[in-house]
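Residue numbers for the sequence shown follow full-length UniProt numbering, so the first one is 1 and each next one is one higher. For each residue, glycine too, the CB sits at the ideal point set by N, CA and C. The structure appears below as structure tokens.
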Amino acid sequence: MEQSQAQKQTADAPEASRSRRTGVSAEAAATAQRQSHQPVYIEPRNTSFESEARHAASRFGGQPVDLTPSPFAASGRRAELGPELSRQLVDRLDQGGRPLPGEARQRMERHFHRKLDSVRIHDDPVAAEIGSAIDAHAFALRRHIFFRDGFAASNPQDLRVLAHELMHVLQQSEGASEGYVIQRDDPGDVEVSETWEGEGGDRGFALDFSQSDSLFTMPRLELPKINGKIKGKSRQDGITTTLIPSTDFTYTTRNEERDTAQRQLWTQRITENKTQIEEAIQAFIPNPSSESDSDPIYYLKVRATNQILSGTKAQLLARDELLIPNWNKRGRASFYHVDHYREHQLEGPDSIENVWLLEESANTSSGSRIRNTVLAEINDLFRRAREDNFFQGRNENRDVLRFSRTPRGQRLHFGRVVGGGEIGRNVDTWTVDEIIAAKHIRFGRRRLVQAMSLEELQERGLVAKGDGSPPTTVLWFLGKESGFFRRVDVSDLANPTYSGKPLGAEDDDFFKNFRIQSATLQQGLDPENLEPDQEVGSITGRVRGGVGTYYDRETGQKVSGDRIQVNTEIRLPLRFDRRYGYGAYIDRSGVRSSLMEARAELKGASPLELSEGGLSDAWAMELSATLTATHPMFEGFQATVGLTEYGIGLDVDIPTDRLDFSFFRVTEANLTIAMGDEGLLFGGAAAFELDQIGSGTVVAMGTAIEGTFDFDFDFVDPASTTVRYEDEAWSFDAELGITEGVVPGLQSGVIRVGIDEEGNFLFDGEALVQLPGQPEPATIEIGYSAEEGVSIGGTVTLDTSAWPAVENATVMVNVTYDPETSAWALGGTGSADFAIPGITGTLEATFDDGGLILRGQGDLAIGNATGTFDFAIGNYPVTEEGEFDQSGDPIDSFEAWGGGSISIEFGPYLTGTVGVRYTPEDEIVLAGGIALPPSIPLFDAIERERDLVNFPRVEFPIFGVTIPVVGSIGVFGFIGGRLRGYATIGPATLDDSRADIEYTLGDPDSAVIDGESHLNFGMDAGIELDIGGGLGLGAAVADLTGEVGITAALDFAVDSGADLSLDWTPLAGLSLDLDLHGSFTPSFRVGVYGRVAASVAIYGEVWSERWDETLASFGSGLAVSVLQPASWDEENGLELDFSQAVFTYPDIDVRRIAGDIMERIV
């Protein structure tokens, strides 16, 4: 067997590690290891494992049975496959093969009640080569099956072989065998033999189809006994034919309808050898009243019968009664058939050595009994062979469900021939030798035929009385040449009587099957004055017969009465014949024509179209007619029906296509119908089916047809019931219990099967289904309709209390039938709603083969989130991709999976899309990165300034100047000022933001966003040295106007940014702590500009001076920077205090700068 997965991983681990070190894949390393020659062993045949496999194959296609495999253990007698073939075989294992075809897999899984998805099929050249080498049509190795001659799922024989090999696969999976061991089929099991020999209880039975003339062998044949002797086998006086042997009796059934010549053989032999009969007749005294007649009439009375043989000697010798007597050895009336002692059906020859006269009833009984015995033995033979699964493969079409008649031209062999039931101990027979010896006239000392005396003739009205008066009793003969008569009292010519009663007083008292309405005779008849065949009276009546039971459709009851009625009057003339004196003979000649014009019917069956009819020698109105059936089982079918002294004769085969089994469909039939005293009698057998319900067979049992109906459902017990047809109605009642576990999920229940009063098929019930994850089973309904077939299903409301995220779940559960695989399975579809607040939508539910999955997508609108949410829950493992792994069987627990994509806003600044996932805690969590806009604006540009340093006032002389009019005065300057910082900050944006989110929907306090962003802001900033000064005069003799300006400014534009951490919480929203910083090293330039003018009031401007030049320049060593702390949040926006800005700049010596300025000015 194959190693388990865990064992395999363990076994392959060192090699796998080694392959990783060498850069070779583990799979390739394992393959290389296997392909280095590993021995492959061949298990011997005729082991217990082979018996199990044969059993599995033989049961395939029937009712499921327990096919539990035995754990395989390799035999010590196993052989080894050659190294080259071993390498090829192992190589095929690595290549994988192909899975079982879907339909075949389903049928086999149903057969074995196991999943077979891992099994692989091979039918390539390697399979053919190895199969030939080991003499196997198929063989199994671990989970691989190899077919030598190919595999076709549509071939029933291939499927049986597959069942055989699958048992080996299961055996190996249960065992612990190491290495590779082949289990192979036995060609004798696959190539079905055309011969079968029973074993054990079937010993003595055999079938042989190997030759064109097949042979049926049975252990024994029972033949009926007559007078204690086995007919056809025991020695019998007067019979010299070859008798049937006691053992090893073989014969061939007749290949044609029976058309024997035994009667002709009999009459010819006796006619050619009737000397002793003539002598016996010559010894009789003729009619005493005709002594003067040269050709007198003889009246011969048969001892104990109402039979008189009359006529001249020549007429007597020509009578059939002296060839085939109508009396037995005691002189009593008895009708005989010329019969084969060894039955014609048992290859008895048509020869005088093999014929005798046998009482009619005994002959009919013995022939039918032998025929039925042989037929029963053949059917028993086929039953036994069928139960031993002989009819498979090439023998499949040789099976006959039930023979209704012995097959023609068939060789039969019986091991022994024994005596069966006794037909009778006192059955009279005549042999040809006895008739030739005239023993039917005088048997021993008993006179069976003797001449009548004058008194007897006068008493019976055959001759006139001594006084010449007419007799009061006469004989009416059954025809002009018939010896049978009835004694009639004609004292009242208008009302003749028979047996003391008027004619017609009782049915069948005078004639069988004829109800006499009137009988009349002419008055004053004198035989001397009558012409031959002159009419002297008549009998009138109607043909009515076949008294027995029939089904009256009007009342719906069985009634008794005449089942055949001819609706016309039949007139039987009474005619004169001098042999019958004052009596008469009944003229039967007009009966047929009268019947042909009549309308007749067979009660409970059909109208009749008469084809033949007449009054028989048995005093019976008999007829033959064509029946056009009105019986519902074979309505419209035509057959020949007869009415005889024994009743209604009807024995015909009903073709399969003419049978109507109501709601059943007949698939095969050998059915016959006959008429008996009890009513319509059925014979034979039939097979039938009811779509999606099952199939059955019935056997005729007299007035009823009865058998067994097997349901297609392998989940019910009982799986069959009795079906019966009687009184034109089917009886088909059963209550089927549902067996738990056969169909996964179908737990228990009951199916009621029956037929209603109108004859319609009833099929209903309830079943309990145990759906996965449900605490209690649910009830579904069972029904049937001709249009839709079987329906087993219903809507089940699921208990979702133990499941997350779903509610209002229902499943329409159905047990469905696949006609192709003949398999039933429980499944269904349904829906459910989301049970998560804020999610709306519907989930689809699917239930199949024990697995239940609910899956759907909903619209999500929870708080600040909108989007779609996919969710699924089922009793299968969930893969990392969020799909259910349905390659294996369903599991006991339910696993859930959910996810989706939503749009979400966290305040006015963080808006984006994010994936969501479902957690086992029944929460929907936003987790992972949130997709944010490329730029998030924070604030616009803001201008700010403040003084950094205030300088003290510094005075210094500038120059002296002589001003006209005024004279020499001193001019001095003063300088004071401040160092001012200024900045324009903004606008600011967050760019290239990335955020991770952890947020449980429906729980706002749980939201946490953290991530990274780039703060992008503009900043224009600078410092300005604002030095202001003025001029002053040493004396106020003149006005001094002018200005001195000193410029010292540094402007720098800062395009700055920073990578920030983003933090957002529901309480604080988005908040940022910002340090806006800019720095650079510029040149710092100081310049001076101004003019000075002095004026005297009366003189006007008397002096002026102007200058404008760079006074000082500070080089690149000057470092200036600004750091502006700030914060921003959603609620308050930008918080920026410019007083907190930190400017970094070099020390500025105002005095030195002022000195330099003054020096430049001066």
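- Within the DSSP bridge table, the entry for Phe884 names Val878 as partners.
- Arg143 is positioned such that its CB atom lies closer than 7 Å to that of Val169.
- Non-local C-beta neighbours of Asp870 in its own chain, meaning closer than 7 Å and more than five positions away in sequence, comprise Gln857, Gly898, Gly899 and Gly900, ordered along the chain.
- Taken in chain order, the whole beta strand (DSSP E) runs of length 3 or more contained in the stretch 231-290 are 247-252.
- Under DSSP, Leu85 forms no beta bridge with any residue.
- Here Phe49 carries a helix assignment [DSSP, helix/strand/coil].
- Here Ala451 is near Leu300, since their CB atoms are less than 7 Å apart.
- Around the beta carbon of Gly793, 16 or more other beta carbons lie within 10 angstroms, which makes this residue buried.
- Following the DSSP letters along the chain, one finds Thr373 inside the alpha helix (DSSP H) bounded by residues Glu360 to Glu387.
- DSSP, read as helix, strand or coil, puts His137 in coil.
- DSSP, read as helix, strand or coil, puts Leu170 in helix.
- Listed in chain order, the alpha helix (DSSP H) elements of length 4 or more contained wholly in the stretch 553-600 are 591-596.
- Judged by DSSP secondary structure, Glu609 falls within the beta strand (DSSP E) whose first and last residues are Ser606 to Leu615.
- A distance below 6 Å between beta-carbons, with the five flanking residues on each side excluded, links Glu165 to the following residues of its chain, in chain order: Ala138, Ala140 and Ile145.
- For Glu80 and Pro44, the gap between their C-alpha atoms comes out near 11 Å.
- Secondary structure of Met675 (DSSP, three-state): strand.
- By the criterion of a C-beta distance shorter than 6 Å, Arg416 is surrounded in its chain by Arg220 and Thr247, once the five residues flanking it on both sides are discounted.
- Around the C-beta of Gly483, 16 or more other C-beta atoms lie within 10 Å, and the residue is accordingly described as buried.
- Here the alpha carbon of Thr879 sits roughly 22 Å from the alpha carbon of Ala802.
- Going by beta carbons, Val374 and Trp266 fall outside the 7 Å limit.
- Annotation for Gly232: Leu223, Leu243, Ile244, Tyr341, Arg342, Glu343, Leu346 and Gly348 place their beta carbon closer than 7 Å to its own, counting only its chain and skipping 5 residues before and after.
- Distances from the alpha-carbon of Ile936 to those of Arg332, Arg203, Glu1012 and Ala896 put Glu1012 closest.
- The continuous beta strand (DSSP E) containing Ala639 extends over residues Gln638 to Thr644.
- Here Ile942 is near Ile985, since their CB atoms are less than 7 Å apart.
- According to the DSSP assignment, Val432 belongs to the alpha helix (DSSP H) that extends over Val432 to Ile436.
- No residue range can be given for His440, since it is assigned to no beta strand (DSSP E) and is classified by DSSP as neither H nor E.
- Between Ile121 and Gly97, the CB-CB gap stays under 7 Å.
- In the DSSP assignment, Lys225 falls within the unbroken beta strand (DSSP E) covering Leu215 to Ile226.
- One alpha carbon belongs to Leu852, the other to His113, and they sit about 20 Å apart.
- For Arg105, the uninterrupted alpha helix (DSSP H) run begins and ends at Gly102 to Phe112, by DSSP.
- For secondary structure counted as the beta strand (DSSP E) over 3 or more consecutive residues, the stretch 812-875 holds these complete runs in sequence order: 823-834, 839-848, 851-862 and 865-874.
- If you ignore the 5 residues before and after Asp507, its C-beta comes within less than 7 Å of the C-beta of Arg515, all in its own chain and listed in chain order.
- Non-local C-beta neighbours of Ala629 in its own chain, meaning closer than 8 Å and more than five positions away in sequence, comprise Ala605, Ser606, Glu635, Gly636, Phe637, Gln638 and Ala639, ordered along the chain.
- Less than 7 Å divides the Cβ of His413 from the Cβ of Thr250.
- Between the stretch 589-605 and the stretch 615-625 there are three or more inter-stretch CB-CB distances shorter than 8 Å, so the stretches are counted as touching.
- Counting C-beta pairs with one atom in each stretch, the stretch 281-290 and the stretch 376-386 have fewer than three that are closer than 8 Å, which means they do not touch.
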